[in-house]
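Participant: What the sequence shown shows, in the UniProt record's numbering, is residues 1 to 610, in sequence order. We treat Cβ as the ideally placed atom computed from N, Cα and C, and that holds for glycine. Have a look at this one.
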Amino acid sequence: MHPMVHHPVVNKLAVLFENTDFIPSLASLLESLGPKGEGVCLRIDAVLCASSSTLYLNGAKENVKPLPLGWLSVENNHALTITPGQTESLKSSPRPGSVSQLDNVECQSPVTPQSLFYECHSPRRKTVSGLRPSVSSIPLARTEPSVADSDSNDEDDPNSHGVLNQPIVRQLHSARFPQRQNPTTGTEAPTLQPSSIDKLICGIWRQVHSPTTLSVSFPDRRPGISLSTGVSQEVFRAISGLCKEYYNQSRSSRALEMVVQAHWVECYEARIASIALEHPSCTKTEARIMALKEACNTLAWQEKELRNRLAIWRGYKEIKDSGGWASLVFAGSGVYRFCKYRIGFKDGLTTRLRHIASSLEVAADTLHPGWRDLLRIVSPDEQRRYFGHPHEWVTVDTGPPLPLNSTYSHLSLPEGFQFEFVDDCVLDYDIFGQDDPRRVPQIDPDICEICGKKQADDIVTNQCYCFPTLFGSVRYPPPVQLYHTASGKNNGVIARCQFERGTAIAEFVGYITRGIDGLDVMMGGTQERPYQIFQGKMGNFTRFINHSCRPNSQFQRFYWRGIERVLVVSRGVPAGNEITVDYSDFYWRKLKKNCLCGERACRYAHQAES
Numbered sequence: 001m002h003p004m005v006h007h008p009v010v011n012k013l014a015v016l017f018e019n020t021d022f023i024p025s026l027a028s029l030l031e032s033l034g035p036k037g038e039g040v041c042l043r044i045d046a047v048l049c050a051s052s053s054t055l056y057l058n059g060a061k062e063n064v065k066p067l068p069l070g071w072l073s074v075e076n077n078h079a080l081t082i083t084p085g086q087t088e089s090l091k092s093s094p095r096p097g098s099v100s101q102l103d104n105v106e107c108q109s110p111v112t113p114q115s116l117f118y119e120c121h122s123p124r125r126k127t128v129s130g131l132r133p134s135v136s137s138i139p140l141a142r143t144e145p146s147v148a149d150s151d152s153n154d155e156d157d158p159n160s161h162g163v164l165n166q167p168i169v170r171q172l173h174s175a176r177f178p179q180r181q182n183p184t185t186g187t188e189a190p191t192l193q194p195s196s197i198d199k200l201i202c203g204i205w206r207q208v209h210s211p212t213t214l215s216v217s218f219p220d221r222r223p224g225i226s227l228s229t230g231v232s233q234e235v236f237r238a239i240s241g242l243c244k245e246y247y248n249q250s251r252s253s254r255a256l257e258m259v260v261q262a263h264w265v266e267c268y269e270a271r272i273a274s275i276a277l278e279h280p281s282c283t284k285t286e287a288r289i290m291a292l293k294e295a296c297n298t299l300a301w302q303e304k305e306l307r308n309r310l311a312i313w314r315g316y317k318e319i320k321d322s323g324g325w326a327s328l329v330f331a332g333s334g335v336y337r338f339c340k341y342r343i344g345f346k347d348g349l350t351t352r353l354r355h356i357a358s359s360l361e362v363a364a365d366t367l368h369p370g371w372r373d374l375l376r377i378v379s380p381d382e383q384r385r386y387f388g389h390p391h392e393w394v395t396v397d398t399g400p401p402l403p404l405n406s407t408y409s410h411l412s413l414p415e416g417f418q419f420e421f422v423d424d425c426v427l428d429y430d431i432f433g434q435d436d437p438r439r440v441p442q443i444d445p446d447i448c449e450i451c452g453k454k455q456a457d458d459i460v461t462n463q464c465y466c467f468p469t470l471f472g473s474v475r476y477p478p479p480v481q482l483y484h485t486a487s488g489k490n491n492g493v494i495a496r497c498q499f500e501r502g503t504a505i506a507e508f509v510g511y512i513t514r515g516i517d518g519l520d521v522m523m524g525g526t527q528e529r530p531y532q533i534f535q536g537k538m539g540n541f542t543r544f545i546n547h548s549c550r551p552n553s554q555f556q557r558f559y560w561r562g563i564e565r566v567l568v569v570s571r572g573v574p575a576g577n578e579i580t581v582d583y584s585d586f587y588w589r590k591l592k593k594n595c596l597c598g599e600r601a602c603r604y605a606h607q608a609e610s
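See the structure below:
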């Protein structure tokens, strides 16, 4: 059989179009040529057509000339060219990209009729017979397995260590690591993107932890200015305040609308049941049609229009039934699309909402005390259930949230567990007086040590955005909650939204003092000006972050306005995962306890037995 029949291009065409007669027909034709086959070339053409009778080229019908893809020399079957006149030159010095140089290259992507078309028409690619192999230009780096939800020892009892000589110090990183990654230059393997359900639930948590104010009264204010004469700073502030006020009102109005619509579906179903009782001879379908007609008469809507709206309102009711009223009120505008197209309702959306229903209520009641006022239109007896600081409640998978102090009854403390939540560190004036030991005289309080930009507490003049969630910008409550771990470590901190790598989760705050021994402290300052941050009696949720031998965050120094701060910086914390840090070897050498982080590379799993 002629060697051309075995050419990879011929075989690829036969396989591509599933034409089993192509190779035998070509072989028969070549044998019939005999010696006359010298100098003869096989021309490979492409023709665009919608049917056997209609041909297209660049959007035009009519008599269309075939589009030549290339020529395959019968005499030298290894020479594949765009024009037949190049065959002889290819015998002596093949061009880059010719088949003679690609015979040993493995095609990494399948060739399809669509790829043949785009290879022929793309002005930015150099084509070789329309069958150029696709080679990836970016190597995929091997990545380690993802970190599973890891639990660690809960160091909640400041007096349970039994060490009296030296303080138990946690690990602190001085360098600014981890850095944020540039997504356009990374070579890591692609990661799974969050699903639509993940985005919806994350959006609910972000709305709960936003400063939006929900109310039911509308302001009666109208701006009386002329933009042609310019806007002063005072006028702009007033207009900005008015914009925020109306935004809150529109947000409240949208939430109130969904509440009423979800409640209407409940009434609609109750009316169907009543009609069925009033007319025992009616089927359930007939009762539903009668109720639908009654609603159309009252709402002055066509039946088709009401059915379309009813499908969306049913979704609102299902979200409310699964996640409670809080999940619907704080769902935002994205919930409309979910309910219209029924996204995720059969993929576990209601199950996941049911799992976080009580946690959402805790956050909503403590962060937005007046949000239940919106429910009085459908439930006059709706009362607030959770009071106090958002982190004074510990969420539990198996039941309603628990007060924080009740989760430490096993410590048998004389006055019970006492902890005060503070937003900033409290200075021990008996030791330091008015001289804050965190202040470094050598550092310019107006210039950032990392980015070199101006630092200012005033948002308008600040130019440093190293950690905007904590300094120099508007601060929102961090989307985290205390939760009761299931592996014997008591309480931990769970991230309700994703914290990207290099972003600050919170500042490690507490009582700034000196001279504490045998208790869990964070060391700061220098040898000449040392200090300790003690969270035994006061602090924030960072006091409850557990240890892990493979943590997803770390302690890090940062200087804001010339004062040293200790931050918890994310190494990449997915939503729904526990936030963990590495307490350091020095910390664990002072203890006789087993680590419960559960990691394969755990360094202290059997420390107590040694």
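1) Under the DSSP definition of a beta bridge, which residues are partnered with Gly525?
2) Determine which residues share a DSSP beta bridge with Thr395 and list them.
3) Enumerate in chain order the residues of its own chain whose CB-to-CB distance from Pro296 is below 6 Å, with the five nearest sequence positions on each side excluded.
4) Is it buried or exposed for Asp458, if we count other Cβ within 10 angstroms and need 16 for buried?
5) When you compare each of Gly315, Arg501, Tyr559 and Glu415 to Ile443 by their alpha carbons, which one comes out closest?
6) For Val426 versus Tyr511, is the C-beta distance shorter than 7 Å?
7) Do residue 616 and Gly203 have their CB atoms nearer than 7 Å?
8) Within the continuous beta strand (DSSP E) that includes Gly492, where are the two ends?
9) If we ignore side chains and look at the alpha-carbon of each, how far apart do Gln86 and Pro68 end up?
10) Can you round the beta-carbon distance between residue 614 and Pro167 to whole angstroms, since I take them to be within the 8 Å contact cut?
11) Determine, using beta carbons only, whether Leu360 and Ala326 come nearer to each other than 7 Å.
12) Thinking C-alpha only, which one of Gln527, Pro530 and Tyr583 is nearest Arg543?
13) Which of the three DSSP states is assigned to Tyr408 in this structure?
14) Just list the residues that DSSP pairs Ala46 with in beta bridges.
15) Cβ atoms of Ser570 and Ile505: under 7 Å apart, would you say?
16) Counting along the chain, where does the beta strand (DSSP E) carrying Phe558 start and finish?
17) Around the Cβ of Tyr465, are there at least 16 other Cβ atoms within 10 angstroms (buried) or fewer (exposed)?
18) On the three-state DSSP scale, how would you describe Gly97?
19) Quick one: give me the first and last residue of the beta strand (DSSP E) that Glu305 is part of.
20) Tell me whether Asn248 sits in a helix, a strand or coil according to DSSP, three-state version.
21) Going by the beta-carbon positions, is the gap between Val169 and Phe586 smaller than 7 Å?
22) Please check the pair Pro445 and Gly562, which I expect to be a contact at CB under 8 Å, by giving their CB distance rounded to whole angstroms.
23) Buried or exposed for Lys489, please, with buried defined as at least 16 other CB atoms from any protein chain shown within 10 angstroms of its CB.
24) I need the DSSP call for His547, collapsed to helix, strand or coil.
25) At the 7 Å Cβ level, is Pro211 part of the contact set with chain D, yes or no?
26) Using DSSP's beta-bridge definition, name the partner residues of Val169.
27) On the DSSP letters alone, give me the boundaries of the beta strand (DSSP E) that Thr513 sits inside.
28) Would you please state the rounded distance, in angstroms, between the beta carbons of residue 623 and Ala255? I believe it to be under 8 Å.
29) Helix, strand or coil for Val335 per DSSP?
30) If the criterion is Cβ atoms closer than 7 Å, does the pair Val581 and Gln554 meet it?
31) Is Gly491 buried or exposed, if buried means 16 or more other CB atoms sit within 10 Å of its CB?
32) Return the Cβ separation of Pro479 and Arg496 in integer angstroms, given the expectation that the two are a contact with Cβ distance under 8 Å.
33) Take Trp264 as the anchor and find which of Leu349, Ile377 and Val231 has the nearest alpha-carbon.
34) Going by beta carbon distance, what residues of the same chain come within less than 8 Å of Arg314, once the five residues before and after it are set aside?
35) Mapping the DSSP letters down to three states, classify Lys537 as helix, strand or coil.
36) May I ask you to report which of helix, strand or coil DSSP gives Pro414?
Facilitator: Taking the definition as stated:
1) For this step, residue 525 is matched to residue 525 along the sequence shown. Per DSSP, Pro530.
2) For the purposes of this step, residue 395 is taken as residue 395 along the sequence shown, with counting starting at 1. Answer by DSSP bridge pairing, in chain order: Tyr483.
3) By one-based count along the sequence shown, residue 296 stands at place 296. Sequence inspection shows Cys at residue 296; the Pro mentioned does not correspond to that position. So the qualifying residues of the chain are Glu303 and Leu306.
4) In the sequence shown, the residue the question calls residue 458 occupies position 458. With fewer than 16 other Cβ atoms within 10 Å, it is exposed.
5) Translated into the one-based positions of the sequence shown, residue 443 becomes position 443. Residue Tyr559 is the option with its Cα nearest to Ile443.
6) The residue you call residue 426 lines up with position 426 of the sequence shown. The residue you call residue 511 lines up with position 511 of the sequence shown. In this structure, Tyr511 lies closer than 7 Å to Val426 by Cβ.
7) Nothing about residue 616 can be read from this structure; the chain reaches only from 1 to 610.
8) What you label residue 492 is simply residue 492 of the sequence shown in a count that begins at 1. Note, Gly492: beta strand (DSSP E), Asn491 to Ala495.
9) Counting from one through the sequence shown, the residue named residue 86 turns up at place 86. Counting from one through the sequence shown, the residue named residue 68 turns up at place 68. Because Gln86 carries a pLDDT of 48, less than 50, the predicted location of this residue cannot be relied on, and no value is offered for it.
10) The displayed coordinates of the chain run from 1 to 610. Any statement about residue 614 would go beyond what the structure contains.
11) For the purposes of this step, residue 360 is taken as the residue at position 360 of the sequence shown. For the purposes of this step, residue 326 is taken as the residue at position 326 of the sequence shown. Cβ distance < 7 Å, so Leu360 and Ala326 count as in contact.
12) Sequence index remark: in the sequence shown, residue 543 carries index 543 (1-based). Of the listed residues, the one whose Cα sits closest to Arg543 is Tyr583.
13) Taking the first residue of the sequence shown as 1, we reach residue 408 at position 408. Residue state, collapsed to three classes: helix.
14) For the purposes of this step, residue 46 is taken as residue 46 along the sequence shown, with counting starting at 1. In DSSP, Ala46 forms a bridge with Leu67.
15) Numbered from its first residue, the sequence shown carries residue 505 at position 505. Numbered from its first residue, the sequence shown carries residue 570 at position 570. Their beta carbons are under 7 Å apart, which means Ile505 touches Ser570 by this criterion.
16) Here residue 558 corresponds to residue number 558 of the sequence shown, with the count starting at 1. Taken as a continuous stretch (DSSP letters only), the beta strand (DSSP E) holding Phe558 covers Ser553 to Trp560.
17) For this step, residue 465 is matched to residue 465 along the sequence shown. It counts as exposed.
18) Taking the sequence shown and counting its residues from 1, the one referred to as residue 97 is at position 97. With a pLDDT of only 39 at Gly97, under the threshold of 50, the placement of this residue in the model should not be trusted, and no figure is reported.
19) Position 305 of the sequence shown, counted from the first residue, corresponds to residue 305. No beta strand (DSSP E) contains Glu305, which is instead part of the alpha helix (DSSP H) from Glu303 to Val329.
20) The residue labelled residue 248 in the question sits at position 248 within the sequence shown. If DSSP states are grouped into helix, strand and coil, Asn248 belongs with the helices.
21) Position 169 of the sequence shown, counting from 1, holds the residue named residue 169. Position 586 of the sequence shown, counting from 1, holds the residue named residue 586. It is a contact, given that the beta carbons lie within the stated cut-off.
22) As a first step, residue 445 is located in the sequence shown; it is residue number 445 there, counting from the start. As a first step, residue 562 is located in the sequence shown; it is residue number 562 there, counting from the start. Contact holds; Cβ gap of about 3 Å.
23) The residue you call residue 489 lines up with position 489 of the sequence shown. Buried: at least 16 other Cβ atoms inside 10 Å.
24) As a first step, residue 547 must be located in the sequence shown, where it is residue number 547. If DSSP states are grouped into helix, strand and coil, His547 belongs with the strands.
25) Considering every chain present, this structure includes no chain D. It has just one protein chain.
26) Looking up residue 169 in the sequence shown gives position 169. BP columns for Val169 point to Val521.
27) Position 513 of the sequence shown holds residue 513. Counting along the chain, the beta strand (DSSP E) containing Thr513 begins and ends at Tyr511 to Thr513.
28) Residue 623 is absent from the model: the chain starts at 1 and stops at 610.
29) Along the sequence shown, one-based indexing puts residue 335 at 335. Helix.
30) For this step, residue 581 is matched to residue 581 along the sequence shown. For this step, residue 554 is matched to residue 554 along the sequence shown. Against a cut-off of 7 Å, the Cβ pair of Gln554 and Val581 comes out as a contact.
31) On the sequence shown, residue 491 is found 491 positions in, with the first residue counted as 1. The residue you asked about is not Gly; residue 491 is Asn in the sequence shown. Buried, by the Cβ-count rule.
32) Residue numbering aside, residue 479 sits at position 479 when the sequence shown is read from its first letter. Residue numbering aside, residue 496 sits at position 496 when the sequence shown is read from its first letter. Rounded, the Cβ-Cβ distance is 4 Å, consistent with contact.
33) Locating residue 264 in the sequence shown gives position 264, where the first residue counts as 1. Selected option, being the one with the closest Cα: Ile377.
34) In the sequence shown, residue 314 corresponds to position 314, counting from 1. Taken in chain order, the residues that qualify are Val265 and Cys339.
35) To locate residue 537, count along the sequence shown from 1; it is residue 537. Coil, per DSSP.
36) Position 414 of the sequence shown, counting from 1, holds the residue named residue 414. DSSP places Pro414 in coil when its eight states are reduced to three.
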